[in-house]
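My numbering applies: residue 1 is where the sequence shown begins, and numbers increase by one. Note that the Cβ used here is the ideal one computed from N, Cα and C, for glycine as well.
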Amino acid sequence: MIPPPASELGDYRAAQIALFILRASSAGAGAADQSRVIILPDKHPVEWEEAVWAMARREKPVVCSTTSNEAMLEILCQSIPDQEIAATLGWRGRSFVSAIAAQVTPRADGAQGDHLILMQDESDRSLVVSVSAVEAFFRDFDVAFGSAFHTSGSRRDLQGVVGTWNVGRPLRFESRGPGGTIVGGPR
């Protein structure tokens with residue numbers, strides 16, 4: 001097999017992150033078959049790897065959401081034609097990467113290059129990704145999810161990993177104050 005061009009590989013890694021997060025953030029993720037996915041509007045299930053490539057080849061940026069029936073995860077992605085929103089996605093990715101860089105101490109081995117992050121979900125599934133792939137994910141995909149990034153106690157025993165990024169369902173919050181009640185997050 002001929003390896004894909006570097007640009008396709010970058011799109012693949014961003015799509016891999018998107019699918020990992022979509023699965024982790026799905027309300028019914030525990031009940032659904034985790035090895036197959038339906039990418040709407042198509043109703044035919046595809047294997048996980050095929051779904052990653054299908055999302056990698058889409059025109060981007062896109063906003064994606066999930067539903068989970070009893071059988072498997074269903075994903076709907078729609079193009080974002082608004083250039084201002086697209087620019088905001090790029091800014092969000094650069095901001096996330098800058099925040100990571102501010103927390104990361106130089107690697108003990110002195111090596112330069114792209115740092116790695118260990119992504120984990122609530123089911124203890126994990127995925128090691130590069131910081132540049134995370135930036136590409138934020139640029140190309142708009143997905144609602146909850147997350148926390150930390151470097152303390154991270155899996156630094158994994159070569160090149162500088163932090164852990166826990167992802168899951170979006171958080172819902174309610175705050176009561178003298179001005180009334182503020183509610184945020186998914187319904």
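Close-in-space but distant-in-sequence residues of the same chain around residue i (CB under 7 Å, 5 per side omitted)
{"i": "A51", "result": "L19, V37, I39"}
{"i": "S79", "result": "E59, V62"}
{"i": "A86", "result": "P61, I80"}
{"i": "I100", "result": "V131, F149, G163"}
{"i": "N166", "result": "Q120, S147, A148"}
Contact check, residue i vs residue j, beta carbons under 8 Å
{"i": "I117", "j": "V62", "result": "no"}
{"i": "A14", "j": "F141", "result": "yes"}
{"i": "G93", "j": "R139", "result": "yes"}
{"i": "G163", "j": "Q103", "result": "yes"}
{"i": "S65", "j": "W48", "result": "no"}
{"i": "L127", "j": "Q16", "result": "yes"}
{"i": "S26", "j": "P170", "result": "no"}
Supposed contact pair residue j and residue i - C-beta distance, whole angstroms, cut 8 Å
{"i": "I21", "j": "F145", "result": "5 Å"}
{"i": "E135", "j": "A56", "result": "With a Cβ gap of about 16 Å, E135 and A56 do not count as contacting."}
{"i": "P236", "j": "M72", "result": "Since the first and last residues shown for the chain are 1 and 187, residue 236 lies out of range."}
Local conformation of residue i per DSSP, three classes
{"i": "S130", "result": "strand"}
{"i": "G146", "result": "strand"}
{"i": "L22", "result": "helix"}
{"i": "R94", "result": "helix"}
{"i": "G160", "result": "coil"}
{"i": "I193", "result": "Because the chain in this structure spans residues 1 to 187, residue 193 falls outside the shown range and cannot be described."}
{"i": "I39", "result": "strand"}
{"i": "E74", "result": "strand"}
{"i": "I117", "result": "strand"}
{"i": "E59", "result": "coil"}
{"i": "E122", "result": "coil"}
{"i": "V167", "result": "strand"}
Cβ neighbours of residue i in the same chain (closer than 8 Å, five flanking residues each side left out)
{"i": "S130", "result": "R13, D114, H115, L116, I117"}
{"i": "G10", "result": "S132, A133, A136"}
{"i": "V143", "result": "A18, I21, L22, S25, V63, C64, S65"}
{"i": "S154", "result": "Low confidence applies to S154: its pLDDT is 48, below 50, so where it sits in the model is not reliable enough to give any reading."}
6 Å CB neighbourhood of residue i in its chain, flanking five on each side removed
{"i": "E122", "result": "G168"}
{"i": "V97", "result": "V131, E135"}
{"i": "L76", "result": "L40, S65"}
{"i": "T67", "result": "E74"}
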